[in-house]
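Written as structure tokens, this is what we have:
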């Protein structure tokens with residue numbers, strides 16, 4: 001959970017980064033502007049100014065906070081029962097890591113394609129606005145509209161895929177991993193001939209770690 005100080009600090013950093021990036025763009029020579037499309041430059045400035053805080057900084061703060069909690073929880077398990085720590089480490093982390101890697105690779109591909117489409121939408125709008133007289137004269141509005149609709153639909157499909165892949169798909173998989181891990185803890189305790197109170201303690205510790213480790 002983010003607090004007001006973290007959010008404020010993230011936007012202060014974004015303010016500095018966006019200002020520095022804008023100055024960097026403004027100081028480039030003419031060759032830079034001839035080699036890059038104006039829509040790409042507009043997209044980069046817009047993303048740096050408006051999306052850097054939410055897309056990168058705040059997400060990074062959440063990840064770092066969760067990692068610290070995970071480390072503390074695993075250290076507690078290590079102190080309480082080293083064997084249970086090894087069991088938790090070997091069952092949770094590799095499985096969670098593989099699933100996160102697969103999901104993030106899918107998200108990375110969709111994000112890269114979305115980054116390529118966004119400048120094209122800006123470019124389409126810019127060409128329409130700057131050349132509207134000729135477009136009207138040659139009845140070319142339908143061409144720009146069809147291209148806009150094609151790009152927009154693909155962008156919305158990618159955004160939907162990204163949102164679903166990041167918010168909904170991992171949840172059920174992680175729940176299955178956590179439940180399977182708890183069952184394995186019960187089996188471990190039974191094979192080690194522990195009493196019911198110790199089994200309940202092991203399950204509580206494992207559940208606490210898995211709750212933080214598996215979103």
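Numbering (this note's numbering), first residue to last: 1 to 215. Just so you know, even glycine gets a beta-carbon here, dropped at the ideal spot from N, CA and C.
Please determine, among the options, the residue with the shortest C-alpha to C-alpha distance to residue i.
i           : options          : result
residue 106 : 189, 36, 33, 164 : 164
residue 57  : 201, 31, 6       : 6
residue 8   : 189, 127, 54, 38 : 54
residue 21  : 140, 42, 30, 31  : 42
residue 149 : 132, 135, 118    : 118
residue 157 : 28, 191, 113     : 113
Please check the pair residue i and residue j, which I expect to be a contact at CB under 8 Å, by giving their CB distance rounded to whole angstroms.
i           : j           : result
residue 121 : residue 152 : 7 Å
residue 111 : residue 64  : With 8 Å as the limit, residue 111 and residue 64 do not qualify as a contact, their Cβ atoms being about 21 Å apart.
With 16 as the cutoff for other CB atoms within 10 Å, does residue i come out buried or exposed?
i           : result
residue 124 : buried
residue 10  : buried
residue 96  : buried
residue 24  : exposed
residue 14  : buried
residue 52  : buried
May I ask you to report which of helix, strand or coil DSSP gives residue i?
i           : result
residue 140 : coil
residue 37  : coil
residue 131 : coil
residue 161 : helix
residue 81  : coil
residue 115 : helix
residue 28  : coil
Spell out whether any CB of chain B is found under 8 Å from the CB atom of residue i.
i          : result
residue 80 : Protein chains in the displayed structure number just one, and chain B is not present.
Validate contact between the segment 42-57 and the segment 81-88 using beta carbons, cut 8 Å, 3 pairs | no
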